[in-house]
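K.L.:
Going down the list, the protein sequences come from chains B and Z. Sequential numbering of the first sequence, starting at 1, is according to full-length UniProt numbering. Sequential numbering of the second sequence, starting at 1, is according to full-length UniProt numbering. Every residue gets a Cβ at the ideal spot worked out from N, C-alpha and C, and that includes glycine.
There are 2 protein chains.
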Amino acid sequence: MELTKRQEQIVEIVKQEGPITGRQIAEKLSLIRATLRPDLTLLTMAGILEARPRVGYIFTGKTINSLVAQRINKIKVKDVCSFPFVLDEQVSIYDAIVSMFMEDVGTLFITKNGYLEGVVSRKDLLKATMGGMDVSKVPVMVVMTKMPNVVTINPDDPILLAAQKLVSREIDALPVVEVKTLANGEEKLRVTGRITKTTITKLFVELGETR
Amino acid sequence: MELTKRQEQIVEIVKQEGPITGRQIAEKLSLIRATLRPDLTLLTMAGILEARPRVGYIFTGKTINSLVAQRINKIKVKDVCSFPFVLDEQVSIYDAIVSMFMEDVGTLFITKNGYLEGVVSRKDLLKATMGGMDVSKVPVMVVMTKMPNVVTINPDDPILLAAQKLVSREIDALPVVEVKTLANGEEKLRVTGRITKTTITKLFVELGETR
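1. Kindly confirm or deny that the segment 140-159 of chain B and the segment 118-132 of chain B touch, where touching means at least three C-beta pairs closer than 8 Å.
2. Going along the chain, which residues of the segment 33-46 of chain Z sit with their C-beta nearer than 9 Å to a C-beta in chain B?
3. How close, in whole Å, do the beta carbons of Thr-41(B) and Leu-42(Z) come, if the pair is a contact with beta carbons under 8 Å?
4. Report the neighbours of Gln-164(Z) on chain B: residues whose CB is nearer than 7 Å to its CB, in chain order.
5. Give the secondary structure of Val-80(Z) by DSSP, where H, G and I count as helix, E and B as strand, and everything else as coil.
6. Going along the chain, which residues of its own chain have a beta-carbon closer than 8 Å to the beta-carbon of Arg-71(Z), five neighbours each way excluded?
7. On the DSSP letters alone, give me the boundaries of the beta strand (DSSP E) that Gly-56(B) sits inside.
8. So that I know if they touch, is there some Cβ in chain Z lying closer than 8 Å to that of Gly-208(B)?
9. In this structure, does DSSP put Leu-71(Z) in helix, strand or coil?
10. Contact between the segment 131-146 of chain Z and the segment 78-95 of chain Z is defined here as three or more beta-carbon pairs at a separation below 8 Å; is this criterion met?
11. Are the segment 151-171 of chain Z and the segment 193-207 of chain B touching, with three or more C-beta to C-beta distances below 8 Å?
12. Mind checking Met-102(Z): buried by the 16 CB within 10 Å criterion, or exposed?
13. When Cβ atoms are compared, which residues of the segment 85-110 of chain B fall closer than 7 Å to chain Z?
14. Given a threshold of 16 other Cβ atoms within 10 Å of its Cβ, counted over all protein chains shown, does Leu-126(B) qualify as buried or as exposed?
15. Quick check on Val-179(B): buried or exposed, where buried means 16 or more other Cβ atoms within 10 Å of its Cβ?
16. Please tell me whether Val-120(Z) has its Cβ less than 8 Å away from any Cβ of chain B.
17. Out of Val-140(Z), Ala-26(Z), Val-80(Z), Met-130(Z), point me to the one whose CA is closest to Tyr-57(Z)'s CA.
18. Going along the chain, which residues of its own chain have a beta-carbon closer than 8 Å to the beta-carbon of Pro-139(Z), five neighbours each way excluded?
19. Check each candidate in Val-68(B), Val-77(B), Val-177(B) and name the one with the smallest Cα separation from Lys-74(Z).
20. Select from Asn-184(B), Leu-182(B), Pro-175(B), Ile-32(B) the residue whose C-alpha is nearest the C-alpha of Val-191(B).
21. Ile-48(Z) and Val-80(Z): beta carbons closer than 8 Å?
22. What residue range is occupied by the uninterrupted alpha helix (DSSP H) comprising Ala-46(Z)?
23. Ordered along the chain, which non-local residues of its own chain (more than five positions away) have a Cβ less than 7 Å from that of Thr-145(Z)?
24. What residues from chain B crowd round Lys-197(Z), counting only those whose CB sits closer than 7 Å?
25. Quick one: Cα of Asp-172(B) to Cα of Phe-83(Z), how far?
26. Can you say whether Ala-46(B) is buried or exposed, counting buried as having 16 or more other CB atoms within 10 angstroms of its CB?
27. What does DSSP give as the partner residue(s) for Tyr-115(B) in the beta ladder?
28. Unbroken alpha helix (DSSP H) runs of length 4 or more, entirely within the UniProt domain "CBS" (144-210) of chain B: which are they?
29. Would Val-142(B) count as contacting chain Z if we go by Cβ distances under 8 Å?
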């Protein structure tokens, strides 16, 4: 939705001088009240202005951009996450690298008895190959980031939170996890999906391509 | 902007039966025309319906989501691109890997005489270290993707196009380039910026965080 030049003038006036009545706004713009009615209706229904009886219009602080934000905030992790690829922590670094190429993923989720134990990135693997290790013998668990230092996300979290974590923690992927409580009371994480910067980029394209 | 239940009903009626007059819509909803006026004004001004004199309302095909798309389509590459990091093609693979860690980037742009010659990804470097090459002797140009196979973007292109290229070409980064014509008529590309999936993820967070 594009605001017209006049609607933007109205928002500016209310921002500066609100609460202000429709009549006062009309005077400032040298227009009659009736001319402004559709604009004021639109701005009020869009949530940009609020009409308070016997007080006048006030600016709610919302803008067109905040309407975009509203749309983004409705999307949940489970709506867009992709299938996770996991490897057991005993797998060799060499086999982990081969899997990374075969599956064409940038980050591997590492499990022990089926529960999340760590993550390993291309960067971790590149470091390992440079370090002169015997990559066909050393298990991947030696070079992974281990729990509880793994950043995770839940299926019901907003996708915005996932994107914020990717940016602020400077990582490429997040395992989507569900908590399972074992018989001994210990809590473990089962990996049910994957959110990456590719997921966010695809979602951005989808939002931008909508006609 | 959220549509109310009644506004959604109106859109549905116009979608099915448009062109249709305000009076006919009111009858269908068992309401009087005046009650619907603010809704019809809002839907028309938001561009979702179009009011044609002596014909009635028609559905434009636009939705709330297409308003989000409009906002996204206004952002240009030059508004959000970051500073590019470039390396000369004669630099060794080993030095390229060290630079990648030092600069903390996932893709390196490779130049010759200051003009774009190729790009090299973490994946390319990981392959090289696995391949048993002497990475301290072999120049990075041996393992890079070379021009004209490098996917690029221009500063004035919409950011949506950049995101589409990242997704469809399955790459992590795009060099932002400007064409320079040499004295001999040859066209070369100068790298002026960088767009990555991180750029898009940051932009997504920014759009989603707007209040």
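P.N.:
According to the structure shown:
1. Enough Cβ pairs lie closer than 8 Å, so yes.
2. Arg-37, Pro-38, Asp-39, Thr-41, Leu-42, Thr-44, Met-45, Ala-46
3. 7 Å
4. Residues of chain B passing the Cβ test: Val-205.
5. helix
6. Leu-207
7. From DSSP, the beta strand (DSSP E) with Gly-56(B) extends over 56-59.
8. So yes, Gly-208(B) belongs to the interface.
9. Note on residue identity: the sequence assigns Arg, not Leu, to residue 71(Z). It is helical.
10. yes
11. yes
12. Exposed, since its Cβ has fewer than 16 Cβ neighbours within 10 Å.
13. Ile-97
14. buried
15. exposed
16. no
17. Ala-26(Z)
18. Here the set comprises Glu-89, Gln-90, Val-91, Ser-92, Ile-93.
19. Val-68(B)
20. Residue Pro-175(B) holds the alpha-carbon nearest to the alpha-carbon of Val-191(B) among Asn-184(B), Leu-182(B), Pro-175(B), Ile-32(B).
21. no
22. Looking at the DSSP string, Ala-46(Z) is not in any alpha helix (DSSP H), and its letter there is neither H nor E.
23. Exclusion of the five residues before and after Thr-145(Z) leaves Gly-118, Val-119 as the residues of its chain whose Cβ lies within less than 7 Å of its Cβ.
24. Under the 7 Å cutoff, chain B gives Lys-197, Thr-198, Thr-201.
25. 20 Å
26. Ala-46(B) comes out buried.
27. Lys-112(B)
28. 159-168, 197-209
29. no
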